[in-house]
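Position 44 of the sequence shown, counting from 1, maps to 44 under UniProt numbering, and the rest follow consecutively. Yeah, the Cβ is synthetic: ideal placement off N, Cα and C, and Gly gets one too.
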Amino acid sequence: MEETKRRPGRPPKQTEFGRDFLLSNALSEFSRHGYEGTSLRTIASLSHVDVALISHHFGSKLELWKAVVDYLADSIKVRSPFNKPLLFEDQAEARAAIEEFVEDLVQFSFEHPHHSMFLSHEAVGQNERSEYLMNKMLQPTFQALRPFIEGCMKIGAVRQQNGALFFLMLINSVSLLATMPHYAALLSDHLSKEEGFKEEMKRSVLSNFFHIGESR
Numbered sequence: 001m002e003e004t005k006r007r008p009g010r011p012p013k014q015t016e017f018g019r020d021f022l023l024s025n026a027l028s029e030f031s032r033h034g035y036e037g038t039s040l041r042t043i044a045s046l047s048h049v050d051v052a053l054i055s056h057h058f059g060s061k062l063e064l065w066k067a068v069v070d071y072l073a074d075s076i077k078v079r080s081p082f083n084k085p086l087l088f089e090d091q092a093e094a095r096a097a098i099e100e101f102v103e104d105l106v107q108f109s110f111e112h113p114h115h116s117m118f119l120s121h122e123a124v125g126q127n128e129r130s131e132y133l134m135n136k137m138l139q140p141t142f143q144a145l146r147p148f149i150e151g152c153m154k155i156g157a158v159r160q161q162n163g164a165l166f167f168l169m170l171i172n173s174v175s176l177l178a179t180m181p182h183y184a185a186l187l188s189d190h191l192s193k194e195e196g197f198k199e200e201m202k203r204s205v206l207s208n209f210f211h212i213g214e215s216r
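Here's what the structure looks like:
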């Protein structure tokens, strides 16, 4: 059977478009090389698609970048505390809520290891991309966590301080550390295995950012 010809600039009809796979590759490339240093052709090659398919679905490099932000934001929204409120009235209830939050934060950081690098590339300047990142991801995430942070301060599980600064320091430190397990392993043999590294991270976050009693 004669192969159906296609017009230049259009993706072949038989090309299967794996949106999440492509966005994951785009996230990795934007994180490693920044917006200006990222090539659409490289993303297409990693995703096993024609570069025309990216243009067809996203239009421009900027729109693809925005889609990556939306992809990250959607990944965050299905996690705690977005899917259920972390409510508590005393130290005992607070400990369970805080441990659940820290567990999820560390797990998310390992599932999305390029998250912090992606943010850091846009944090150095003020432009359309940084504004989009703030409005679509950072601001909604902070607002969702704000009641939890303020509740922790109210009962003494977090020392009184600026909630936004606490949020930024906590999120950035955990997400950045998850990108460098190889460095941690070189500094300590106890951190050479991923699961052990995760558990130590959770304990460290609880010790350094929160003030709660020991579990019984």
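Cβ-based burial, residue i [other Cβ within 10 Å; buried from 16]
| i | result |
| --- | --- |
| R95 | buried |
| A157 | buried |
| H48 | exposed |
| E122 | buried |
| N127 | exposed |
| A44 | buried |
| E3 | Unreliable placement is indicated for E3, whose pLDDT of 42 sits below 50; the coordinate value is still reported in the next sentence. Result: exposed. |
| L165 | exposed |
| V78 | exposed |
| S175 | buried |
| S62 | The sequence as given places Leu at residue 62; Ser does not occur at that position. With fewer than 16 other Cβ atoms within 10 Å, it is exposed. |
Cutoff 8 Å; reference residue i; Cβ partners in own chain excluding five residues on either side
| i | result |
| --- | --- |
| T42 | E29 |
| L206 | I98, E99, V102, I212 |
| R159 | M153, H211 |
Reduced DSSP category for residue i - H, G, I as helix; E, B as strand; rest coil
| i | result |
| --- | --- |
| F210 | coil |
| M137 | helix |
| E89 | coil |
| Q143 | helix |
| D70 | helix |
| A26 | helix |
| M153 | helix |
| D104 | helix |
| E199 | helix |
| H112 | coil |
| M169 | helix |
Residue i versus residue j - alpha carbon distance
| i | j | result |
| --- | --- | --- |
| S31 | L87 | 34 Å |
| L191 | Q107 | 16 Å |
| M117 | L177 | 11 Å |
| L119 | E93 | 33 Å |
| L187 | N25 | 30 Å |
| Q139 | G18 | 29 Å |
| G37 | K202 | 34 Å |
| G125 | Q161 | 26 Å |
| D189 | D20 | 35 Å |
| S39 | E131 | 22 Å |
Own chain partners of residue i with C-beta closer than 7 Å, once the 5 adjacent residues on each side are dropped
| i | result |
| --- | --- |
| W65 | F30, Y35, R129 |
| A150 | For the record, residue 150 in the displayed sequence is Glu; it is not Ala. Around E150: G163. |
| L170 | F209 |
| N172 | S116 |
| A184 | L191, F197 |
| H113 | Just to set this straight, residue 113 is Pro in the shown sequence, not His. Excluding positions up to five away in sequence, the list reads A178, T179. |
| I155 | D90, Q91, A94 |
Assumed close pair residue i, residue j - CB separation to whole angstroms, cut-off 8 Å
| i | j | result |
| --- | --- | --- |
| P181 | E194 | 6 Å |
| V69 | K136 | 5 Å |
| K198 | F58 | No, K198 and F58 are not in contact; Cβ-Cβ is about 34 Å, not under 8 Å. |
| L27 | L72 | 7 Å |
| F167 | L133 | The pair is not a contact, with the Cβ atoms about 15 Å apart (cut-off 8 Å). |
| I76 | T141 | 6 Å |
Proximal residues to residue i (C-beta, below 6 Å), its chain only, five neighbours per side dropped
| i | result |
| --- | --- |
| L105 | V174 |
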